[in-house]
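This report refers to the structure that appears directly beneath it.
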Amino acid sequence: MKISWLPVAAGAAVVATVIRAAFFTPLEAKQGAAQKIFYLHVPAAWVAFLAFFFVAVASGVYLWLRDPRLDRFAESSAEVGVVFTTVVLITGPLWAKPIWGTYWAWWDVRLVSTLFLWFIYLAYLVLRGAIESPELRARYSAVLGILGALLIPFIHLSVYLFSTMHPLPIVGKPSKPSLPSEMLLTLMISLFSFTLLYFAFLRSRYAYAVERDARASRLEHA
Amino acid sequence: MSTTISQSGPPVVEVAELTRAFGSRTAVSGVTFSLAAGECLALFGPNGAGKTTLLRVLAGLLKPTSGKARISGISLPGGSRARARVGLISHHTLLYDALSPRENVSFAARLYGIQQPGERVDDALRRMSMLERADAPVRFLSRGMQQRVSIARAMVHSPQIVLADEPYSGLDDSGARALTSLLRELLSAGTSIIIVTHNLLEGLSLATHAAVMQRGKFVRYDRADRIDPGSYAALYREALAASA
Amino acid sequence: MPLFTGRRSPPVPDILSAAWLIARKDLAIEFRTRTAFLSAVVFALLGLVIFYFAWDPTAVTTTDLAPGVLWVIFTFSGLLGLHRSFGVEMADHAIDGILASPVSREAVFLGKAIANLVFVIAVQLIAIPALVIFYNLPLATVAGPLLAIALLAAIGLVAVGTLFSAMAVNTRLAELLLPMLALPFFVPIVVGAAQATAKLLSGRPVVEVAAWIKLLMAFDIIFVAACTLAYPFTVED
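Those protein sequences? They're chains A, B and C, same order as listed. Take any residue in the first sequence, count from 1 to its spot, add 16: that is its number in the numbering used here. Take any residue in the second sequence, count from 1 to its spot, add 13: that is its number in the numbering used here. Take any residue in the third sequence, count from 1 to its spot, add 2: that is its number in the numbering used here.
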């Protein structure tokens, strides 16, 4: 079996990131060891939104060109994206509880926006599952992909307005930490490795979609 | 008895190498024919041959994948202008069962731009003998009566082209006779008709042209005045077998 | 396979076994398609989210709670009426009759949306007075702005809801899919309307109310345009 460079590189990058984050990055003064989840949480969020960005763009271009490859690409990006989104939603509370004393942070625009991204991904995938005809499925998913992208800024804005108007009684909500260069570097490395990981997963998921559609089309013509 | 074949005028329906595919499945493949005013094409063929898809493309519900099609000189996809010329009798009745026949047909008339449809609605319903039952909700009518209303609905705006997909289904004897006389009248007045039917004799009695469709293609195409209705059934089966 | 030989047939399952047999079959079907389960889960989760944002965390009196109640109810009752919008076209493919006629696709969407808007406003005209009575709200002072908020919220709900009901009706399990698709989009509407109403009733500075109203207006403008443009893509072509 031919081993391609991308998954190997991605895997190596992630391992390197974990090692660096765990052993070679200083502990954050106030938050301690729990803060290290940050290096998992933030890149996962970045990838979650990046994946959806690709879903939205592929959706738009699909409606213009109607090329099934674009639909397969959107589908693949959505499936990979929803996994990363779930990672964000799991690491969020894991990080928040020891540090803020609460599992869920309604004021955290990123976290709540990611929650809505998760709902949109889920709606996208369930919609796809509810339609038999490939052409209809592609068209409808594309419409949802674009509308979902339009929704995200409104969610952002709603949560932001809400949090500024409802200053919470909880003490110790951290202001944006200014990252010392060591931590910033680790963050950059983890962003890079997660992005590689995304592309690796995307490519193999896309290959699976191509194979599956080819098989289905052979069955149809049999 | 076939209709009198008048001299063919300029074509009202022109189709050249028309193809419609759904993904990898081709439903209509390279169909070519033309129809002048007052002509009627009877379209025969087994289920799944693509007859309904062909009609839906001509009705403006689907866009051609490739090839050319023209309705009254308007190239498809022709938008509103092309759709305004067509009357569609579909597989389904296209009726709202909570509304009455009069309301259904009036709604259709207004969609086609007829501002005060009252008289034309009455006329259409009368031709299909549904005027007495024009005001009860459609869901209380039998299948045959619903079909009559559906036909009235398709004709109310006096279309130039009528696309009829198995219009006789559900009709009883008197309904079938009303439909046949209506179609003949339309043909004499210059309307063009494409009729899909499983009944060869019925189709041939109205037709000026007859086609057999299978797997998206026309496997046989004749002028009706050159066909002997009695032997057409055998020719039909032969054409299907030859292209299987 | 043994054929019938005239001897006694095997014993019919008793009531518990029969019940379990049927339950297993139902669960097997649901597990395979998962749509109903996921839809209900999302409905529950989104409900929780909407409830959070619809209320002021410091809410104490019923006057504080009333706006949240109104707008949450509004969303869920709106969902009930939306399915009807395209559902009515399904029975005899009546939509083909409209699509084969000269009217434009955008006209179909706007027509459906207007009908839905009338429906939603009619419900609001009953729900809002009921709210005033049940929660003893000082309505007179805020009637004008409240109507404006109600209208803006209704427009947003209807724009998104009409589009998604056009899509949902062509899928399996349409009624279950519609809330999944639409509820995430209703959240900015509910939050905006509930917060604006709450601030109005508690006499907060105009600036704060204005921010939420601007959010609603922006939402309406963008989504009415986007949904009207998107509708033709949901029609087979």
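From the three backbone atoms N, C-alpha and C, an ideal C-beta is built for every residue, glycine too. Given the structure is predicted, the values throughout are model-derived calculations rather than measurements.
To the nearest angstrom, how far is it from the Cα of isoleucine 35 of chain A to the Cα of serine 206 of chain A? 11 Å
Residue span of the beta strand (DSSP E) that contains arginine 38 of chain B, given as start and end: 38-49
Backbone CA spacing between tryptophan 22 of chain C and aspartate 16 of chain C [nearest angstrom]: 10 Å
Quick one: grab the DSSP three-state call for proline 147 of chain C. helix
Tell me which same chain residues have a C-beta within less than 8 Å of the C-beta of alanine 227 of chain C, skipping the five on either side of it? none
Using only alpha-carbon positions, find the residue among B/Ile208, B/His222 and B/Ser201 that is nearest to leucine 67 of chain B. B/Ile208
Taking 8 Å as the threshold (beta carbon to beta carbon), is tyrosine 22 of chain B in contact with chain A? The amino acid occupying residue 22 of chain B in the given sequence is glycine; tyrosine does not appear at that position. By this cut-off, glycine 22 of chain B is not an interface position.
Counting C-beta neighbours from all protein chains within 10 Å, is the total for glutamine 51 of chain A 16 or more, i.e. buried, or is it exposed? buried
Please confirm if the stretch 172-188 of chain B is in contact with the stretch 100-118 of chain B, defined as three or more CB-CB distances below 8 Å between the two stretches. yes
Glutamate 151 of chain A: contacting residues in chain B (beta-carbon distance under 8 Å): Phe35 and Gly36
Whole runs of the beta strand (DSSP E) within the stretch 84-113 of chain B, excluding any shorter than 3 residues: 99-102
Within chain C, partners of valine 99 of chain B - CB distance below 8 Å: Ala102
Would you give the residue range spanned by the beta strand (DSSP E) that arginine 228 of chain B belongs to? Here arginine 228 of chain B belongs to no beta strand (DSSP E), and DSSP marks it neither H nor E.
Rounded distance between the beta-carbons of threonine 164 of chain C and cysteine 229 of chain C, thought under 8 Å: 7 Å
Start and end residues, beta strand (DSSP E) containing valine 175 of chain B: 174-178
Let me know the secondary structure DSSP gives leucine 56 of chain B once reduced to three states. strand
Exposure label - arginine 86 of chain C; buried when at least 16 CB within 10 Å: exposed
Neighbouring residues, chain A, relative to methionine 182 of chain C (Cβ below 9 Å): Phe135, Leu138, Ala139, Val142 and Leu143
Leaving out the 5 sequence neighbours to the left and right, which residues in its chain are closer than 6 Å to cysteine 53 of chain B when beta-carbon positions are compared? Leu200, Ile206, Leu219, Ala220 and Thr221
For chain A, is any of its Cβ atoms less than 8 Å away from the one on arginine 107 of chain C? no
Please classify leucine 48 of chain B as buried or exposed, where buried requires at least 16 other C-beta atoms within 10 Å of its C-beta. buried
Cut-off 7 Å between Cβ atoms - residues of its own chain near leucine 110 of chain A, not counting five sequence neighbours on either side: Ile53
Counted within 10 angstroms of its Cβ, other Cβ atoms place glycine 158 of chain C as buried (16 or more) or exposed: buried
Check this for me: beta carbons of phenylalanine 46 of chain B and valine 28 of chain B, under 8 Å apart or not? yes
Whole angstroms is fine: what's the gap from phenylalanine 45 of chain C's alpha carbon to tryptophan 73 of chain C's? 16 Å
Alpha carbon to alpha carbon, how far is valine 30 of chain A from glutamate 198 of chain A? 17 Å
Would you give the residue range spanned by the alpha helix (DSSP H) that leucine 192 of chain B belongs to? 186-201
Same chain, Cβ closer than 7 Å to alanine 50 of chain B, neighbours up to 5 away in sequence not counted: Gly22, Val25, Gly203 and Ser205
I'd like to know whether the C-beta atoms of proline 234 of chain C and arginine 107 of chain C end up nearer to each other than 8 Å. yes
Three-state class that DSSP yields for glycine 188 of chain A in the structure shown: Because glycine 188 of chain A carries a pLDDT of 43, less than 50, the predicted location of this residue cannot be relied on, and the following value inherits that uncertainty. Of the three classes helix, strand and coil, the one that applies to glycine 188 of chain A here is coil, per DSSP.
Tell me where the beta strand (DSSP E) around phenylalanine 35 of chain B begins and ends. 24-35
Meets three-Cβ-pair contact criterion under 8 Å: the stretch 77-86 of chain A and the stretch 134-149 of chain A: no
Applying a beta-carbon distance threshold of less than 7 Å, which residues of chain B neighbour glycine 236 of chain A? Note that residue 236 of chain A corresponds to glutamate in the displayed sequence, not to glycine. In chain order: Ser37 and Arg38.
Is glutamate 91 of chain A buried or exposed, if buried means 16 or more other CB atoms sit within 10 Å of its CB? buried
8 Å Cβ cutoff, alanine 257 of chain B in contact with chain A: no
Alpha helix (DSSP H) containing valine 71 of chain A: first to last residue? 54-81
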